[in-house]
Amino acid sequence: MKKILALVLAVVMVAALFAGCKEQSTVKTGEFTYNSYSLSLGTKWNPHNWDTNGDSAIMAYIETPLVDMSIKDSKNQVYQWIYLAATSITDVTKDHKDDLTKYNVTFAEGKDANSTESGYVFEIKLNDKMKWENGDIINADTYVESMKLLLDPEMKNYRANLYYDGESAVAGGAEYYNSKSPIYNAMVPSYGEGETPDYSYDLDAGIAAGHVYINVSTTAMTLASYSLSDLVNSYGAPAAEELKAVAADANYLGYTLVTAENLETVKALVGGCLAPFGINWAETDEAAQKELLMEALWVHDGSISPAVDFETVGLYKVDDYTIRYVTQTAIELNYFLTSCTSNWIVHKPTYEAGYDTTGALKTTNYNTSKETTMSYGPYKIGSLETDKQIVFVQNENWYDWEKVNDQLVSYTDFEVDGKKVQQYQTTKVVIDVIADEAAVKQAFLKGELDDWAPEADDLVVYGSSDRMYKADETYTMSFFFNTNLDHLKEMDKSKGNTNSVVLTNESFRKAMSLAIDRADFVKATAGYTPAYSLMNNLYYYDVYNNPESQYRKSAPAMEAICKLYGVEYGEGKAYATLEEAYKSVNGLNMTEAKNLMKTACDELVAAGLYNKGDKIVINVGWAKGALTSADEAQITKLEAYFNEAMKDSGFGELDLIAVGNINDRYGDVPAGEYAIGWGAWGGAAFYPFRNFQVYCDPDQYDINEAANWNPKTEELTLNVEGKDVTMTWQEWSGALMGNGQFANSSFETKLQVTADMEYLYLNKFYRIPMCGTTICSMLSYKLNYYTEDYNIMYGWGGLRLATYNYNDAEWAEYCNSQNNELKYT
118 MKKILALVLA VVMVAALFAG CKEQSTVKTG EFTYNSYSLS LGTKWNPHNW DTNGDSAIMA
178 YIETPLVDMS IKDSKNQVYQ WIYLAATSIT DVTKDHKDDL TKYNVTFAEG KDANSTESGY
238 VFEIKLNDKM KWENGDIINA DTYVESMKLL LDPEMKNYRA NLYYDGESAV AGGAEYYNSK
298 SPIYNAMVPS YGEGETPDYS YDLDAGIAAG HVYINVSTTA MTLASYSLSD LVNSYGAPAA
358 EELKAVAADA NYLGYTLVTA ENLETVKALV GGCLAPFGIN WAETDEAAQK ELLMEALWVH
418 DGSISPAVDF ETVGLYKVDD YTIRYVTQTA IELNYFLTSC TSNWIVHKPT YEAGYDTTGA
478 LKTTNYNTSK ETTMSYGPYK IGSLETDKQI VFVQNENWYD WEKVNDQLVS YTDFEVDGKK
538 VQQYQTTKVV IDVIADEAAV KQAFLKGELD DWAPEADDLV VYGSSDRMYK ADETYTMSFF
598 FNTNLDHLKE MDKSKGNTNS VVLTNESFRK AMSLAIDRAD FVKATAGYTP AYSLMNNLYY
658 YDVYNNPESQ YRKSAPAMEA ICKLYGVEYG EGKAYATLEE AYKSVNGLNM TEAKNLMKTA
718 CDELVAAGLY NKGDKIVINV GWAKGALTSA DEAQITKLEA YFNEAMKDSG FGELDLIAVG
778 NINDRYGDVP AGEYAIGWGA WGGAAFYPFR NFQVYCDPDQ YDINEAANWN PKTEELTLNV
838 EGKDVTMTWQ EWSGALMGNG QFANSSFETK LQVTADMEYL YLNKFYRIPM CGTTICSMLS
898 YKLNYYTEDY NIMYGWGGLR LATYNYNDAE WAEYCNSQNN ELKYT
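Straight run, no breaks: the sequence shown in our numbering ends on number 942.
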């Protein structure tokens, strides 16, 4: 039977997502080692400041979340919440309304404490069997003290942002995090239209006193609602060297002291950053220059924000094994449970023993080595060789182990398909650092590795293997454009392009989209599937209550894509129903593409931007690494599609040149380095209603299409619940969640707004979706899995349910019998 594998990371196969195929009625004896590989290892797996996928991969073995998801009914793909470090989590808001005022929560519009019945106060009953690997108990004090350490204003922990900001932020967390911190005030207070700005601050005296600062990363300055960094990196402001120089001297909060020595550099930076707004600094008089400069500056005279006591933070102990968590904003129980699938606790003695107070911020070396790590998960670090290997062994103090015949064994506390099954049969996990793909492949085929993620060329060879496992991901690969005429002219002049100004024409870009044979295109890479929209079938809008609530299958979402590609339905049309019409969409209409190309050519010639018959050459920012044969095959196919559409249109031949080894193609395209980029957005599969923030909210995300438009000022009018409503694109992108204008509206309203935005955004053709990515991996014969049917809620069941066909000794014997040349085709 074919089974399916799950991947946690793109570069490392993590055993934490494996699942076994059958219940073990008896305990199988022996050692069961899972051998995997990674391009690199994590370096800091501290839950308070972890950074990379490598860090989180280690955390998956040594932590136990409050809750998780697992299989309830594999045949019908039914999931269940399972309680681990917690025994229950309940919404007790209606019984503890006093906490809403005590911790100063933020209410939705029209709500107050009296009218609020749910969504803020959650009571968490803790598992009283939980211990650290050294036997120390884990109780309510552990959780409260760990939150205090996480939000410590003297540490400014990176991952504190998950708890002082966002949908499950703890009430009062932001205030405590910023407690006793330096106060930086805008030199020129913000002012509204028609108001008189205050330029009374004595700039020269402030600089002399050491009170004047500039911050290149904040979007809160009076001058503009963009950061100086974004204006340079995303909007092409000509001040890259100045930005680099100023940023290099920033303090731990991001502020750089303005001095007599660097004042001219600061002026040049601010002046350059005004260029995207059409302001020529050199032609601006001295008085106006000074006022604009002051609007970009900050004043810190040594003042410190008031001390805030941790008692104002909405996390408190009820008894030794009960805590209550008060959220800053309302959140539905299932989404709160989702936030509890990660944990924030640390072993306080080890954490504090690692303190370093010599810098501006206090730091800790907690969870950076075997010696500084304290596990409370099913595994602990057995050995660690930096940049070489990490080994995980069973943590004998994990709460759910029992000893059977001198082996640590565990069975689920919940039922899977109607029965309790053995969990965590894996006794050891070994992850070796192997950077060479050929070496990984060889080790897998010899039986030395239990997983292998083949690259494109090998996917063709092993694509039909019964040990090749695939699953769709949320990521959609797309072309994204820079349509800024000035940028494109400069690229034609100095960046190796020729006539890339054609991309300013919407008809040209639409023709590109309609010319792509996506079903044929994905043949160039075995790991791709055709895509015609921004969000695929993995996006759910009410997944916890309705497992059929796929955004993509809703009527508004299907209507949006049919409309985008001109597919009609109804009486007298090719398709009788919306669903039939949607299923027919393939994105290809070469006839219309040819007509649009002719229209585009005529328009560009008339505008004086193009001469008929001239060749077009466009560099495409394609990859962070070196180009593969699959990359070359993809760009060749795209070039052929486009040239076919351009025949007899008046355009000359088009050459697309894929460029690899680019550090940041997502930033280089809007900055004017490349006219086209190749990349993906994805993730947050249970939050389709906030998806458009990645395209429309530059305050939160680096917008790939930033050179084309300004979503903070461009307005959009939508008909919502029978009324025309006008907001900026940025405002619409946040209107369906949190405290947004339509956050409490029905799903029908939210689906319609999201679908309208998807159609209208894609119809700009700033971005052309082409294909979805998939997980593709080979699995050795050593392992079995629980289910072959992927479910976004639980994957394939997790390492928790993994079982083995062979123990280590049996596997070695089997590999020897095959001369260490295993056949997978």
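All residues carry an ideal CB built from backbone N, CA and C; glycine is no exception.
- For the pair Trp415 and Ile331, the CB atoms are nearer than the 8 Å cut-off.
- By the 16-neighbour rule on beta-carbons within 10 angstroms, Gly290 is buried.
- Distance from the Cα of Thr904 is smallest, within the candidate group Asp534, Asp785, Ser862, Asp748, for Asp534.
- Contact check for Leu201 against Asn244 passes: the beta carbons are separated by less than 8 Å.
- When rounded, the separation of the alpha-carbon atoms in Asp426 and Leu432 is 12 Å.
- Apart from the 5 residues on each side of it in sequence, Ala203 sits with its Cβ closer than 8 Å to the Cβ of Leu183, Val184, Ile241, Lys242, Leu243, Asn244, Cys457 in its chain, given in chain order.
- Rounded to whole angstroms, the separation of the alpha carbons of Ser298 and Leu374 is 17 Å.
- Look at the stretch 607–652 and you find these whole runs of alpha helix (DSSP H), each 4 residues long or longer: 623–632, 635–638.
- The three-state secondary structure of Leu562, taken from DSSP, is helix.
- Counting along the chain, no beta strand (DSSP E) covers Ser492, and no H or E run does either.
- Annotation: Leu771 to Glu875 spans about 29 Å, alpha carbon to alpha carbon.
- According to the DSSP assignment, Ser296 belongs to no beta strand (DSSP E), since it is labelled neither H nor E.
- Between Leu340 and Leu360, the C-beta spacing is not below 8 Å.
- Annotation: the continuous alpha helix (DSSP H) that includes Glu875 extends over 864–879.
- Between Thr593 and Gly889, the C-beta spacing is below 8 Å.
- Proximity of the stretch 653–673 to the stretch 733–743 falls short of the contact definition, fewer than three beta-carbon pairs being nearer than 8 Å.
- Sixteen is the threshold: when 16 or more other Cβ atoms of the shown chains lie within 10 Å of the Cβ of Asn901, as they do, the residue is buried.
- For the pair Ala677 and Leu877, the Cα-to-Cα distance works out to about 9 Å.
- Ile199: member of the beta strand (DSSP E) spanning 195–200, first to last residue.
- Counting C-beta pairs with one atom in each stretch, the stretch 522–534 and the stretch 548–565 have fewer than three that are closer than 8 Å, which means they do not touch.
- Per DSSP, reduced to three states, the secondary structure at Tyr758 is helical.
- Excluding sequence positions up to five before and after Ile254, its CB lies within less than 7 Å of the CB of Lys248, all in the same chain and listed in chain order.
- Note that the C-beta distance between Gln540 and Leu525 is not below 8 Å.
- In the pairwise beta carbon analysis, the stretch 749–757 is classified as touching the stretch 625–644: at least three pairs are separated by under 8 Å.
- Nearest to Ser191 by alpha-carbon distance, out of Asn163, Gly915, Asp603, Tyr318, is Gly915.
- Using a C-beta cut-off of 8 Å, the stretch 707–723 makes contact with the stretch 617–637, since at least three inter-stretch Cβ pairs fall below that distance.
- Ranking Thr503, Leu501, Gln542, Val508 by CA distance to the CA of Val521 puts Gln542 first.
- Rounded to the nearest angstrom, the gap between the Cα atoms of Phe596 and Ala775 is 12 Å.
- Counting only residues of its own chain and dropping the five nearest sequence neighbours on each side, Ala570 has a CB closer than 6 Å to the CB of Ser894.
- Within the DSSP bridge table, the entry for Asn908 names Gly912 as partners.
- Between Glu250 and Lys497 a beta carbon distance of about 5 Å is seen, short of the 8 Å cut, so the two are scored as contacting.
- Leu243 sits in a strand when the DSSP states are folded into three classes.
- Met854 and Phe803 do not touch by the CB rule: their CB atoms are close to 12 Å apart, not below 8 Å.
- Between Asn514 and Ala792, the C-beta gap is not smaller than 8 Å, which leaves the two residues out of contact.
- Distance check between Phe561 and each of Trp167, Gly147, Trp928, Lys384 places Trp928 closest, using alpha-carbon atoms only.
- Taking the C-beta atoms as reference points, Asn484 is found nearer than 8 Å to Trp162.
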